[in-house]
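Participant: Sharing a structure, written as structure tokens. Questions coming.
Number of protein chains: 2
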Amino acid sequence: MMNPANLVEVWRGPFLESIHQGHAVICDATGGIVAAWGDPEAVILPRSSAKMLQALPLVESGAADAAGLSQAHLALACASHQGAPGHTDVVSAWLAELGLGDSDLRCGPEAPRDREIKHDMIRAGGSPCQWHNNCSGKHAGFLTLTQHLKAGPEYVDPDHPVQTRVLEAFEAVTETKSPGFGIDGCSAPNFGTTLHGLARAMAFFAAADPESSHARDGAAGRLTQAMIAHPWLVAGEGRACTELMRATSEPVAIKTGAEGVFVAILPKQRLGVALKIADGATRASECAMAALLVRLGVLPADHPAVQRRMNAPIPNRRGMLTGHIRPVAGLAG
Amino acid sequence: MMNPANLVEVWRGPFLESIHQGHAVICDATGGIVAAWGDPEAVILPRSSAKMLQALPLVESGAADAAGLSQAHLALACASHQGAPGHTDVVSAWLAELGLGDSDLRCGPEAPRDREIKHDMIRAGGSPCQWHNNCSGKHAGFLTLTQHLKAGPEYVDPDHPVQTRVLEAFEAVTETKSPGFGIDGCSAPNFGTTLHGLARAMAFFAAADPESSHARDGAAGRLTQAMIAHPWLVAGEGRACTELMRATSEPVAIKTGAEGVFVAILPKQRLGVALKIADGATRASECAMAALLVRLGVLPADHPAVQRRMNAPIPNRRGMLTGHIRPVAGLAG
Numbered sequence: 043m044m045n046p047a048n049l050v051e052v053w054r055g056p057f058l059e060s061i062h063q064g065h066a067v068i069c070d071a072t073g074g075i076v077a078a079w080g081d082p083e084a085v086i087l088p089r090s091s092a093k094m095l096q097a098l099p100l101v102e103s104g105a106a107d108a109a110g111l112s113q114a115h116l117a118l119a120c121a122s123h124q125g126a127p128g129h130t131d132v133v134s135a136w137l138a139e140l141g142l143g144d145s146d147l148r149c150g151p152e153a154p155r156d157r158e159i160k161h162d163m164i165r166a167g168g169s170p171c172q173w174h175n176n177c178s179g180k181h182a183g184f185l186t187l188t189q190h191l192k193a194g195p196e197y198v199d200p201d202h203p204v205q206t207r208v209l210e211a212f213e214a215v216t217e218t219k220s221p222g223f224g225i226d227g228c229s230a231p232n233f234g235t236t237l238h239g240l241a242r243a244m245a246f247f248a249a250a251d252p253e254s255s256h257a258r259d260g261a262a263g264r265l266t267q268a269m270i271a272h273p274w275l276v277a278g279e280g281r282a283c284t285e286l287m288r289a290t291s292e293p294v295a296i297k298t299g300a301e302g303v304f305v306a307i308l309p310k311q312r313l314g315v316a317l318k319i320a321d322g323a324t325r326a327s328e329c330a331m332a333a334l335l336v337r338l339g340v341l342p343a344d345h346p347a348v349q350r351r352m353n354a355p356i357p358n359r360r361g362m363l364t365g366h367i368r369p370v371a372g373l374a375g
Numbered sequence: 043m044m045n046p047a048n049l050v051e052v053w054r055g056p057f058l059e060s061i062h063q064g065h066a067v068i069c070d071a072t073g074g075i076v077a078a079w080g081d082p083e084a085v086i087l088p089r090s091s092a093k094m095l096q097a098l099p100l101v102e103s104g105a106a107d108a109a110g111l112s113q114a115h116l117a118l119a120c121a122s123h124q125g126a127p128g129h130t131d132v133v134s135a136w137l138a139e140l141g142l143g144d145s146d147l148r149c150g151p152e153a154p155r156d157r158e159i160k161h162d163m164i165r166a167g168g169s170p171c172q173w174h175n176n177c178s179g180k181h182a183g184f185l186t187l188t189q190h191l192k193a194g195p196e197y198v199d200p201d202h203p204v205q206t207r208v209l210e211a212f213e214a215v216t217e218t219k220s221p222g223f224g225i226d227g228c229s230a231p232n233f234g235t236t237l238h239g240l241a242r243a244m245a246f247f248a249a250a251d252p253e254s255s256h257a258r259d260g261a262a263g264r265l266t267q268a269m270i271a272h273p274w275l276v277a278g279e280g281r282a283c284t285e286l287m288r289a290t291s292e293p294v295a296i297k298t299g300a301e302g303v304f305v306a307i308l309p310k311q312r313l314g315v316a317l318k319i320a321d322g323a324t325r326a327s328e329c330a331m332a333a334l335l336v337r338l339g340v341l342p343a344d345h346p347a348v349q350r351r352m353n354a355p356i357p358n359r360r361g362m363l364t365g366h367i368r369p370v371a372g373l374a375g
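Just so you know, the protein sequences line up as chains A and B, in that order.
Just so we're aligned: the first sequence equals residues 43 to 375 in our numbering.
Just so we're aligned: the second sequence equals residues 43 to 375 in our numbering.
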């Protein structure tokens, strides 16, 4: 196994205070590696960066169309949203359409990630519902497929028909046999793969045709289109995925995952990108993804949203600038 | 420069999901290295792990005694407290005794780290004062010394007499010339040193005699005693420093710092410990420090507070156990 590469530096004044290592792969639609850092064959859990893979069975089975899901629903199925009303209202209405409610979800409650919304909830003495969970769109998608399959309610059970279909699609588009799964923060199984496998899957999505008569190809194309059409639904105001998707010079789908995972789908270039920060830090995965997308020419380096990630200032409690988070020299090209 | 060593593993199900590397040194009172991981000569910013060093001039100058400071005040001067009323009431009364108020602090406002207190503040529509800042005790100490020296109000200026005295004491007890400073989260200069230098300083504190007629030796001994006597003031309920200090089988002072730094002072064994997680993660610095103190025989491995750090469960949003944070094999002995 190859060592991870230095990817992101944290500077405070003249000191390199901390450093983040990781693995990154840029893959083309043939599955070939265009560029790599660290070990392309490192096995990872893709966490929420796999949501578009987990949504494939929902679309390719016909369940999404049978339930009349819109592009906004598909974007939310791939989202780690921040629990703003614009997210949770869609999810709760979606559940109601299915004749279901919050208690049918299996993701667990999570405080909204949006600071103002969370504070409003605290002030009102409220507590979060399961639909506030950042994964609630994915779970509403799982429930839609569950109904379509006439399967039982415990849809996060690894043996449930929803999850066996997810695994089949996951292994097909990563072109690797998954070595197993961990239980995700939202209780769904999260299947392992290699960085190369995850980047290959993203390249498959990049090359997929939403009009294709091949169900999986069409599903991948439609999910990519949905994410690109709804950057706010995929995350929310101020979040890296949303801000970077809004800043690209051509349509790109970008998705974060816990523990330092980040992926991107570049349809025009038919490229997929996957990276994992070895220590799991999100500040570093955001920085490294911004740098790689600058390198690929789809993010302008001087865009404020890009600078906020690729050259993130570290202010202190009096607002003084103490340092910066930066990609290693050469990563952004 | 030697590479950092693997110190802490993050497991999810059967997968080693993330890994934290770092440097650690155990030093004796002669300055000799008893054990080391990674590079003992790695240069770091010790951040809040240097607070007892930053408090040396306050005590050795006679300023603390002239102002009638108690052991509780000295503990708070070394603290990263969580802004509970038991912390902020002492700091605000201390400032009042000096004829000063919140606006004389230069640490900036920070929301209390205690969740319930923070939520109470949000519910009441309040906003944090500077004395809620986790560093406000250190700053009250700086202000006490400022008055004693009849110096100007901008005590965080690196050229201010308070900071030049801090630097002199810092270089003396680390036995290294500091290569410079970064600006800390609280706006004070944070002087750099090596891991070895920081561990040597901790061993100096461990061997110091609070009754000594030598001013610096006596100051180090009194500050160590103050931290050991007031584990709650040094951090707060549920915090690693407080819980681990309460769990030791002999008196030990333990102090965290931002960006993955942690130190310990073991007076009975006359040992100092310093560690830095290369990527800056606190979850890893807490785990590694708990493991090293188990290794040194001063923390019982089976104590619940030790297990919460050394074998920290990773629950998900439904309370399911998804994995653990653990030291690498052999670190805990």
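Don't be surprised by glycine CBs; every beta carbon is placed ideally from N, CA and C.
As the structure is a prediction and not an experimental result, all values here were calculated from the model.
For a minimum of 4 consecutive residues, which ranges assigned as the alpha helix (DSSP H) are wholly contained in the segment 156-222 of chain A?
Facilitator: List check, alpha helix (DSSP H) in window: 157-165, 178-190, 203-216.
Participant: Pairing CB atoms from the segment 80-99 of chain B with CB atoms from the segment 294-303 of chain B, are three or more of them under 8 Å?
Facilitator: The segment 80-99 of chain B vs the segment 294-303 of chain B: in contact.
Participant: Quick one: grab the DSSP three-state call for residue 120/B.
Facilitator: Start at 1 with the first residue of the second sequence, and residue 120/B comes out as number 78. Coil at residue 120/B, not helix or strand.
Participant: Evaluate residue 365/A with the Cβ neighbour count: other Cβ atoms within 10 Å of its Cβ, from every protein chain shown; 16 or more gives buried, anything less gives exposed.
Facilitator: As a first step, residue 365/A is located in the first sequence; it is residue number 323 there, counting from the start. Classification for residue 365/A: buried.
Participant: When you compare the CB positions of residue 123/B and residue 115/B, do they come within less than 8 Å of one another, or not?
Facilitator: Locating residue 123/B in the second sequence gives position 81, counting from the first residue. Locating residue 115/B in the second sequence gives position 73, counting from the first residue. Taking 8 Å as the Cβ cut-off, residue 123/B and residue 115/B do not qualify as a contacting pair.
Participant: Within its chain, find whatever has a CB closer than 6 Å to the CB of residue 134/B; leave out the 5 residues flanking it on each side and keep chain order.
Facilitator: The residue given as residue 134/B occupies position 92 in the second sequence. Counting only Cβ-Cβ distances below 6 Å, and skipping sequence neighbours, we find 173.
Participant: Distance, Cα to Cα, residue 1/A vs residue 179/A?
Facilitator: The structure shown does not extend to residue 1/A, since chain A is modelled only from 43 to 375, so the question has no answer here.
Participant: For residue 54/A, which residues from the same chain have a beta carbon less than 8 Å from its beta carbon, with the 5 sequence-adjacent residues on both sides left out?
Facilitator: Position 12 of the first sequence holds residue 54/A. Only 356, 364, 365 meet the Cβ criterion.
Participant: On a Cα-Cα basis, can you pick out the residue from 65/B, 325/B, 69/B that is closest to residue 247/B?
Facilitator: Along the second sequence, read from residue 1 onward, the residue named residue 247/B stands at position 205. Residue 247/B has its Cα closest to that of 69/B, out of 65/B, 325/B, 69/B.
Participant: Mind pulling the beta strand (DSSP E) runs of 3 or more residues that sit fully within the segment 318-366 of chain B?
Facilitator: Whole beta strand (DSSP E) segments, 3+ residues: 354-357.
Participant: Provide the residue span of the beta strand (DSSP E) that contains residue 285/B, from first to last.
Facilitator: In the second sequence, counting from the first residue as 1, residue 285/B sits at position 243. No beta strand (DSSP E) contains residue 285/B, which is instead part of the alpha helix (DSSP H) from 282-289.
Participant: Would a check of beta-carbon distances place residue 204/B closer than 8 Å to chain A?
Facilitator: Mapped onto the second sequence, residue 204/B falls at position 162. So no, residue 204/B is outside the interface.
Participant: Taking only beta-carbon atoms, is residue 322/B less than 8 Å away from chain A?
Facilitator: Numbered from 1 along the second sequence, position 280 holds the residue referred to as residue 322/B. Yes, its Cβ sits closer than 8 Å to a Cβ of chain A.
Participant: Taking the alpha carbon of residue 218/A as the point to measure from, which residue in 209/A, 225/A, 226/A has its own alpha carbon closest?
Facilitator: Sequence index remark: in the first sequence, residue 218/A carries index 176 (1-based). Of the listed residues, the one whose Cα sits closest to residue 218/A is 209/A.
Participant: Can you give the Cα-Cα distance for residue 299/A and residue 269/B, rounded to whole angstroms?
Facilitator: Numbered from its first residue, the first sequence carries residue 299/A at position 257. Numbered from its first residue, the second sequence carries residue 269/B at position 227. One C-alpha to the other measures close to 40 Å.
Participant: Please tell me whether residue 149/B has its Cβ less than 8 Å away from any Cβ of chain A.
Facilitator: Sequence index remark: in the second sequence, residue 149/B carries index 107 (1-based). Yes, residue 149/B counts as interfacial toward chain A.
Participant: Let me know the alpha helix (DSSP H) ranges lying completely inside the segment 63-138 of chain A, each 4 residues or longer, listed in chain order.
Facilitator: Complete alpha helix (DSSP H) runs here, min 4: 93-96, 98-102, 105-108, 113-119.
Participant: For residue 61/A, which residues in chain B fall below 8 Å Cβ to Cβ?
Facilitator: One-based indexing of the first sequence puts residue 61/A at position 19. Going along chain B in sequence order, the residues near residue 61/A (Cβ under 8 Å) are 320, 321.
Participant: At a Cβ threshold of 8 Å, is residue 225/B touching chain A?
Facilitator: What you label residue 225/B is simply residue 183 of the second sequence in a count that begins at 1. It does; some Cβ of chain A falls within 8 Å.
Participant: Quick one: Cα of residue 65/A to Cα of residue 245/A, how far?
Facilitator: Indexing the first sequence from 1 puts residue 65/A at position 23. Indexing the first sequence from 1 puts residue 245/A at position 203. If you take the alpha carbons of residue 65/A and residue 245/A, they lie about 17 Å apart.
Participant: Just checking: is the beta-carbon of residue 228/A within a distance shorter than 8 Å of some beta-carbon in chain B?
Facilitator: Looking up residue 228/A in the first sequence gives position 186. For residue 228/A, the answer is yes, since a Cβ of chain B falls inside 8 Å of its Cβ.
Participant: Pull out every residue of the segment 356-375 of chain B whose Cβ sits closer than 7 Å to any Cβ of chain A, in chain order.
Facilitator: Under the 7 Å Cβ criterion, the segment 356-375 of chain B contributes 358, 359, 360, 362, 364, 365.
Participant: In chain order, what residues of the same chain have a beta carbon less than 6 Å from the beta carbon of residue 231/A, not counting five sequence neighbours either side?
Facilitator: By 1-based counting over the first sequence, the position of residue 231/A is 189. Once the five neighbours on either side are set aside, the close Cβ partners of residue 231/A are 200, 205, 223.
Participant: If we define contact as Cβ-Cβ less than 8 Å, is residue 194/B a contact residue for chain A?
Facilitator: On the second sequence, position 152 is the one that residue 194/B refers to. Chain A contact via Cβ: absent.
Participant: What does a CB cutoff of less than 6 Å around residue 198/A pick up in its chain, not counting 5 residues either side in sequence?
Facilitator: Here residue 198/A is taken as the residue at index 156 of the first sequence, counted from 1. Correct list, in chain order: 148, 229, 230.
Participant: Cβ of residue 57/B less than 8 Å from any chain A Cβ?
Facilitator: Residue mapping note: residue 57/B aligns to position 15 of the second sequence, counting from 1. Closer than 8 Å to some Cβ of chain A, the Cβ of residue 57/B qualifies, so yes.
Participant: Between 275/B, 239/B, 322/B, 286/B, which has its C-alpha nearest residue 333/B's C-alpha?
Facilitator: For the purposes of this step, residue 333/B is taken as the residue at position 291 of the second sequence. The residue with the shortest Cα to Cα distance from residue 333/B is 286/B.
Participant: For residue 233/A, list the residues DSSP reports as bridge partners.
Facilitator: Within the first sequence, numbered from 1, the residue matching residue 233/A stands at position 191. According to DSSP, which records beta bridges pairwise, residue 233/A is partnered with 223/A.
Participant: Under the rule that 16 or more other beta-carbon atoms within 10 Å means buried, what is residue 176/B, buried or exposed?
Facilitator: Residue numbering aside, residue 176/B sits at position 134 when the second sequence is read from its first letter. Result: buried.
Participant: With a CB to CB cut of under 6 Å and the five nearest residues on each side skipped, what residues in its chain are close to residue 58/A?
Facilitator: As a first step, residue 58/A must be located in the first sequence, where it is residue number 16. Around residue 58/A: 51.
Participant: Do residue 257/A and residue 62/A count as a contact pair if the criterion is CB distance below 8 Å?
Facilitator: Residue 62/A sits at position 20 when you count from the first residue of the first sequence. Residue 257/A sits at position 215 when you count from the first residue of the first sequence. Taking 8 Å as the Cβ cut-off, residue 62/A and residue 257/A do not qualify as a contacting pair.
Participant: Check the Cβ of residue 157/A against every Cβ in chain B and list those closer than 8 Å, keeping chain order.
Facilitator: The residue labelled residue 157/A in the question sits at position 115 within the first sequence. Simply none; closest approach about 10 Å.
Participant: Hey, quick one: how far does the alpha helix (DSSP H) through residue 276/A stretch, first residue to last?
Facilitator: Indexing the first sequence from 1 puts residue 276/A at position 234. 273-276 is the span of the alpha helix (DSSP H), which, as asked, contains residue 276/A.
Participant: Cα separation between residue 346/B and residue 307/B?
Facilitator: Taking the second sequence and counting its residues from 1, the one referred to as residue 346/B is at position 304. Taking the second sequence and counting its residues from 1, the one referred to as residue 307/B is at position 265. One C-alpha to the other measures close to 22 Å.
Participant: My assumption, with CB atoms under 8 Å, is that residue 237/A sits in contact with residue 318/A. Please give the rounded CB distance.
Facilitator: The residue given as residue 237/A occupies position 195 in the first sequence. The residue given as residue 318/A occupies position 276 in the first sequence. About 6 Å; that satisfies the 8 Å criterion.
Participant: Determine the chain A residues that contact residue 175/B at a beta-carbon separation under 8 Å, and present them in chain order.
Facilitator: Position 133 of the second sequence holds residue 175/B. Under the 8 Å cutoff, chain A gives 359.
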